[in-house]
Structures are given as structure tokens and as C-alpha cells.
Amino acid sequence: MVGVKMAAAAASIRERQTVALKRMLNFNVPHVKNSTGEPVWKVLIYDRFGQDIISPLLSVKELRDVGITLHLLLHSDRDPIPDVPAVYFVMPTEENIDRMCQDLRNQLYESYYLNFISAISRSKLEDIANAALAASAVTQVAKVFDQYLNFITLEDDMFVLCNQNKELVSYRAINRPDITDTEMETVMDTIVDSLFCFFVTLGAVPIIRCSRGTAAEMVAVKLDKKLRENLRDARNSLFTGDTLGAGQFSFQRPLLVLVDRNIDLATPLHHTWTYQALVHDVLDFHLNRVNLEESSGVENSPAGARPKRKNKKSYDLTPVDKFWQKHKGSPFPEVAESVQQELESYRAQEDEVKRLKSIMGLEGEDEGAISMLSDNTAKLTSAVSSLPELLEKKRLIDLHTNVATAVLEHIKARKLDVYFEYEEKIMSKTTLDKSLLDIISDPDAGTPEDKMRLFLIYYISTQQAPSEADLEQYKKALTDAGCNLNPLQYIKQWKAFAKMASAPASYGNTTAKSMGLLSRVMNTGSQFVMEGVKNLVLKQQHVNKSRGNFLPTSKCCTFHAQSGICSVRRQYSMLLKIWDLLQTK
4 MVGVKMAAAA
14 ASIRERQTVA
24 LKRMLNFNVP
34 HVKNSTGEPV
44 WKVLIYDRFG
54 QDIISPLLSV
64 KELRDVGITL
74 HLLLHSDRDP
84 IPDVPAVYFV
94 MPTEENIDRM
104 CQDLRNQLYE
114 SYYLNFISAI
124 SRSKLEDIAN
134 AALAASAVTQ
144 VAKVFDQYLN
154 FITLEDDMFV
164 LCNQNKELVS
174 YRAINRPDIT
184 DTEMETVMDT
194 IVDSLFCFFV
204 TLGAVPIIRC
214 SRGTAAEMVA
224 VKLDKKLREN
234 LRDARNSLFT
244 GDTLGAGQFS
254 FQRPLLVLVD
264 RNIDLATPLH
274 HTWTYQALVH
284 DVLDFHLNRV
294 NLEESSGVEN
304 SPAGARPKRK
314 NKKSYDLTPV
324 DKFWQKHKGS
334 PFPEVAESVQ
344 QELESYRAQE
354 DEVKRLKSIM
364 GLEGEDEGAI
374 SMLSDNTAKL
384 TSAVSSLPEL
394 LEKKRLIDLH
404 TNVATAVLEH
414 IKARKLDVYF
424 EYEEKIMSKT
434 TLDKSLLDII
444 SDPDAGTPED
454 KMRLFLIYYI
464 STQQAPSEAD
474 LEQYKKALTD
484 AGCNLNPLQY
494 IKQWKAFAKM
504 ASAPASYGNT
514 TAKSMGLLSR
524 VMNTGSQFVM
534 EGVKNLVLKQ
544 QHVNKSRGNF
554 LPTSKCCTFH
564 AQSGICSVRR
574 QYSMLLKIWD
584 LLQTK
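Numbering (my numbering), first residue to last: 4 to 588.
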């Protein structure tokens, strides 16, 4: 998942991708909102990737507004509609290309507008051309476009990679020990393609920064190469079109920061307390849609009373939902309170409308009675005109009441409030008021996964690992609770490797050790240190001594070191001490 920060005046990535989709659905002609003409009715054919991209952005009504009367999956059984054009939106995979060629041979539609989510290769394009030629359908293939929309936008400034094959771009895929070079290249290429598509849609060339020696650096190098290759051909560059603007010449270029997940493994394991995070953690929440199972009361049967059958309901939590936008980042208790306040406000407005109807003697609920209200007074007209807004408000209140109730049930059943508070204390190094072993051993406190997440946070966050005896005790408690110990084994290996990698940079923890090392380095005449001193000896007019430090006032110094930022700080501290010694002499 990726967050994007852009200038306030710039269109959000959600708006840009929506515009690109509507342009595609309008036969790759810019869509005009206030057009008085009737749209050309057409069929939309997509694969699972295309479905995931479109569903968070365009509703069925919005699809109908741009002329889509029917939307079908590419590999479903489809009947011929010979007098209607078809817009395809698919990934350029071998399987999809074969099915599209089959559609050409079967003459399913009047004309074909082929749109590929990512760039199609020349060989696959030739396969389509040969199939069209063999089926005598060359004139029916109206347009072929690479759309560069291989990412899923969930919020105004947040997107995720296309995730039909979750294992392909997961943390596990990159970090599993048996991964081959070929598989790693495939994962990297998939990530790079999505990022490249994102910046093409954004219409800007990024400034790329990454951590060294990790998969993030591999992605950065590949993305940099792909961007440069595209910019090299000015006539065919994707960043110079009229619809995108001169992205590479902009002075407000976005900054892309690529970091490895290993720098902060505790956060994704943490039981959080905000509304959106809880919905994502405990409910079936996918692509801005939450699926709930609801059951109410009991039903009578010859065998006696039994719980009613559970009904599955889906709710969309989109940026259009004002309550969701306002409270998704709020602590859950505040959300529950806000739902109650919204409900009371709605009831007050509803009572006011009923009171006005009662005054006019219109107690009926039929449409004729309601329409008569607008013929009486301005006050009644205002009340009636607010009814659609009132009904929408009631719909949102019911939605969030159901969602919040489902979340609350999980909190109570799994004691997630206990986990949240305990994990917060662990991560903030606060004194623990309860034994970790007691929580793990409590059969009523959470699922086996909750217990394992809690212990992994403890294991990651503590500087000194528990003793072997304590660890065996924890492992026994986890096993008794039904936990799979494989995650713990992985974290142990990861932590040991991280400790080994940081061992060479562990010097300089105390002043005595630093000065002892400094003396040895000075005695041996280290070339690195002396070069650093030369860089720090700036001309008098470029040094600011007003606060007792030696920072350049008109120049910028940048320190680079492969050993990491901590090592850079230590080296910088050593160089300043050398400077002080030289000044005293």
C-alpha cells in the first residue's frame, strides 16, 4: 500500500485514474461531463485485474452514464451481440490474448476497442493481428491502446498494487529463503510496472530515494532505468502528452521514497484502535467494500427454535461517504459516540418533518401527500427538499451502525482492547502491569493469531532477547494456545541476521570508546578521516559560529554511507571532535 503527497491544487490520483477510465470507456476520447448528446451504448469486457481497478472508482450508475449497458468478465460465457461495440480492459497475458482472439473468430461484437492495463508486447500484438486477419475482422478492431493503469486507487492519495495474485508481490515472496533469481526478477518487474503506470497516470517524473542493499534498491534501479528509457525518445514519451503536461519539466516533482518493510516489522502486527484499521483487521474488508454476516432473532421450526439463517451484506466505504472520511482515523470509542450523535440529529430532523406534516393535516405517507407539502409554505418546501439528504443520512447511519456493531463484537470476543493497550506499552517501553505469559495463557483472550502477534511485537521490540529458559516457557504457552511457531522461528533468524549486519557499526556507544577509537585512527593516519577533515574545513565566510557549531551558511553538505544513517551520524560526530581538537591546537 502506497500513500502519495501532492500539492493541494493538483488533482488527486483518484481523480486522475477516474478521468483516464472514463476517457477509455468513451472510446479514448475525453469525456465531457455536461454533454447533452446521448452516449454510445457499449459493452465492457474486463478480467479480474480490470474489475479490481474499476470497482473502487466507478459505480454501476457512473458506468451507465458513460454508455456501459453491460459489463462482463472476459472468461465468462458470453452471447454474441453483433450490433454493439465492445470495450476491452484486460492485462496482456497469454490466456487473455487467446480469449480475445477467440472472440474475434466468433464475431461476438460489432467493433472492438482493445485496452490493455499494462503495455502489451509486440509478439502478443502480432498474435491479435494474425487472429483478426484470419477471422476477416481487421476493420472491426477500431483501436488498440496501452492504458498504463496497473494499480488500484482506494483513496484520494493512496493506491495499492494490483493484487489478484497476492503471493506475487507479498513480503513473503521477497523474503522467502528458497526464492530464485528468476522469481525475484519477476516480483521486481511486477512492482516496477505498477509504479511506472502510477507515475504515467500522475503525469510526473519522480525523484527516487531508497534504502541501500535491499529489494527497495532493486526496485529503484529498475524504475529509474524504465523512466529514462521512456524519456529518451521525446516524440513517444508518455510524460509529454497534452493530457498529462510536461511532467519531466515540472518544478514540483513528486518524491518517491522506497523503504524495506524490515525496518519496521512491529507496526503491521500491531492491534490498532482506529476505525479504519479495525475494520481492515477484524472484518472482511477488500477494495473499499466490507462484507458482513448478519442474523437477527430466532425462527420457529418443527424441531424447535433455532437461530435465523445468516444474511450476507456488503457495504461500500468510499471517499464519498462523509462520515467515513471524517472518522476513519478516529479512535473507535469516538466513532461509536459520533454514530450516536448522528442518529440523534437525524431523529430530530425526522421529528421536525413529521411535525410539519401533522400541522398541515397530512399524516399519510403516500407520494401525493408529500407533494402537497411543497404547495403550502416555504418552510414546508424546505423540509421536503431536504428529504433526499435526510434519507441518505439515514442510510449512512445504518451502515456505520452495522459496521461498528460488528467491530465491537470482535473487540469483546477477542479482548482486543487489552491487546492494544499492552502492545502500546511494549512499543513505548512503558512498565508492564501484567505478565505477558498470563495474556498468552488466557483461553478467553483472543485467537491464536492474536497471541502470536502480541508475542512477536514483544520479541521484536525488546533490545535484549529473553533467555532460552524463558523463551521455552513462552513457546510452550503459545503451543498450548494453538499457535503456529513458524513466524517466531522466522523472526528469530531475521533478528539474528539484523544484529550481525549492524555489528560493525556498533562502536562509539560511549565517549571513552569513541575517543579511544579516535586516537587509534589519528595515530594510523586514516585517509578517510583526514579527507573528512578537509571537507569540514570551510572558508571563514561560509561558517556560522553564532551557536557554537560549525554548519555552512550558504552551502549544503551531504553525507553518504552504505552502513546506514546511524553510522553516518557517528562518523560525523567523530569528525566534529577532530575539528575541535584542531581548533584547540
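Glycine included, every Cβ here is placed at the ideal spot set by N, Cα and C.
**OP:** Drop a sphere of 10 angstroms on the beta-carbon of Trp276, count the other beta-carbons inside from all chains shown, and report buried for 16 or more, exposed for fewer.
**Re:** Classification of Trp276: buried, given that the 10 Å Cβ count is 16 or more.
**OP:** Ignore the nearest five residues each way along the sequence and tell me which others in Asn526's own chain have a CB closer than 6 Å to its CB.
**Re:** Low per-residue confidence applies at Asn526: pLDDT is 44, beneath 50, and the placement is therefore not dependable enough to give any value.
Original post:
Between which two residues does the alpha helix (DSSP H) carrying Met187 extend?
Top reply: In this chain, the alpha helix (DSSP H) harbouring Met187 covers 184–205.
**OP:** Round the Cβ separation of Pro469 and Tyr477 to the nearest angstrom and send it over; I've been treating them as touching at under 8 Å.
**Re:** That belief holds up - the Cβ atoms of Pro469 and Tyr477 are roughly 7 Å apart, short of 8 Å.
Subject >> Nearest-angstrom Cα separation, counted from Arg102 out to Ile131 >> reply: In a straight line, the C-alpha of Ile131 is about 10 Å away from that of Arg102.
Original post:
Are the CB atoms of Leu73 and Val46 nearer to each other than 9 Å?
Top reply: Yes.
Original post:
If you draw a straight line from the C-alpha of Thr189 to the C-alpha of Glu220, how long is it?
Top reply: The alpha-carbon separation between Thr189 and Glu220 amounts to approximately 15 Å.
Original post:
Do you know offhand how far Glu18's Cα is from Ala499's?
Top reply: C-alpha separation (whole angstroms): 45 Å.
**OP:** Use the C-beta contact count for His78: other C-beta atoms within 10 angstroms, 16 or more gives buried, fewer gives exposed.
**Re:** Per the 10 Å Cβ criterion, exposed.
**OP:** Would you give the residue range spanned by the alpha helix (DSSP H) that Asp55 belongs to?
**Re:** Following the DSSP letters along the chain, one finds Asp55 inside the alpha helix (DSSP H) bounded by residues 51–57.
Subject >> Bridge partners - Cys213, DSSP secondary structure assignment >> reply: BP columns for Cys213 point to Leu261.
**OP:** Confirm, please, whether the CB-CB distance from Gln105 to Met27 is below 9 Å.
**Re:** For the 9 Å CB-CB criterion, Met27 and Gln105 do not form a contact.
**OP:** Excluding the 5 residues preceding and the 5 following Leu117 in the sequence, name in chain order all residues of the same chain whose CB lies nearer than 6 Å to its CB.
**Re:** Counting only Cβ-Cβ distances below 6 Å, and skipping sequence neighbours, we find Tyr91, Val147.
Original post:
Which residues does DSSP pair with Thr156 in a beta bridge?
Top reply: For Thr156, which the question treats as bridged, DSSP gives the partners Phe162.
Original post:
What number of angstroms, rounded off, separates the C-alpha of Ile84 from the C-alpha of Lys64?
Top reply: Distance from the CA atom of Ile84 to the CA atom of Lys64, rounded to whole angstroms, is 22 Å.
Subject >> Residues near Ala407 in its chain [Cβ-Cβ closer than 7 Å; skip 5 each side] >> reply: Contacts found: Val338, Ala339, Val342.
Subject >> DSSP three-state assignment for Arg238, whether helix, strand or coil >> reply: In this structure, DSSP gives Arg238 a helical state, which the three-state scheme calls helix.
Subject >> Inter-stretch contact (C-beta, 8 Å, three-pair minimum) for the segment 260–269 and the segment 313–322 >> reply: No, they do not touch.
Original post:
How about the segment 153–165 and the segment 208–215: do they share at least three Cβ pairs that are nearer than 8 Å?
Top reply: Contact check between the segment 153–165 and the segment 208–215: fewer than three CB pairs, one atom from each, fall below 8 Å, which does not count as touching.
**OP:** Please list, in chain order, all residues of the same chain as Lys127 whose beta carbon is under 7 Å from its beta carbon, the five residues on each side excluded.
**Re:** In its chain, beyond the 5 residues on either side, Pro95, Ile100 have a beta carbon closer than 7 Å to the beta carbon of Lys127.
Subject >> Close beta carbons around Met260, own chain, < 7 Å, minus the five adjacent residues each side >> reply: First, the residue type needs correcting, since residue 260 is Val and not Met in the sequence shown. Short of 7 Å from the beta carbon of Val260, and not among the five residues preceding or following it, lie these beta carbons of its own chain, in chain order: Arg212.
Subject >> Span separating the alpha-carbon of Leu295 from that of Phe288 >> reply: Answer to the nearest angstrom: the Cα atoms are 9 Å apart.
**OP:** Could you say which of Leu346, Met187, Val87 lies nearest to Lys396 if we only look at CA atoms?
**Re:** The candidate whose alpha carbon is nearest that of Lys396 is Leu346.
**OP:** State yes or no: is the C-beta of Ile400 within less than 9 Å of the C-beta of Phe326?
**Re:** Closer than 9 Å, so yes.
**OP:** Name the two residues that bound the continuous alpha helix (DSSP H) containing Val87.
**Re:** Note, Val87: premise wrong, no alpha helix (DSSP H); not H, not E.
Original post:
What's the call for Pro257, buried or exposed, on a 16-neighbour Cβ count within 10 Å?
Top reply: Under this definition Pro257 is a buried residue.
Original post:
Ends of the alpha helix (DSSP H) at Ile400?
Top reply: For Ile400, the enclosing alpha helix (DSSP H) has its first and last residue at 390–417.
Subject >> Start and end residues, beta strand (DSSP E) containing Asn133 >> reply: Unbroken run through Asn133 is the alpha helix (DSSP H), 125–137; no beta strand (DSSP E).
Subject >> Cβ-based neighbour list, Ala145, same chain, cut-off 6 Å, excluding 5 preceding and 5 following >> reply: Cβ neighbours of Ala145 beyond the five flanking positions: Ser114, Tyr116.
Original post:
Between Ala89 and Ile56, which are expected to be in contact by the criterion C-beta below 8 Å, what is the C-beta distance as a whole number of angstroms?
Top reply: About 18 Å separates the two Cβ atoms, so there is no contact after all.
Original post:
With a Cβ-Cβ cutoff of 9 Å, do Ser333 and Tyr422 count as a contact?
Top reply: No, these two residues do not count as a Cβ contact at 9 Å.
**OP:** Label Gly40 either buried or exposed according to how many other C-beta atoms from any shown protein chain fall within 10 Å of its C-beta, with 16 as the threshold for buried.
**Re:** Exposed, by the Cβ-count rule.
Subject >> Length of the line joining the Cα atoms of Ser197 and Gln20 >> reply: Rounded to whole angstroms, Ser197 to Gln20 spans 13 Å at the Cα level.
Subject >> Cβ-based burial, Asp181 [other Cβ within 10 Å; buried from 16] >> reply: In this structure Asp181 is exposed. Its beta-carbon is surrounded by fewer than 16 other beta-carbon atoms within 10 angstroms.
**OP:** Quick one: residues in its chain with C-beta nearer than 7 Å to the C-beta of Ala237, no 5 flanking neighbours on either side, listed in chain order?
**Re:** Once the five neighbours on either side are set aside, the close Cβ partners of Ala237 are Thr243.
Original post:
Beta-carbon separation of Pro59 and Leu152 under 9 Å?
Top reply: The Cβ-Cβ distance between Pro59 and Leu152 does not fall below 9 Å.
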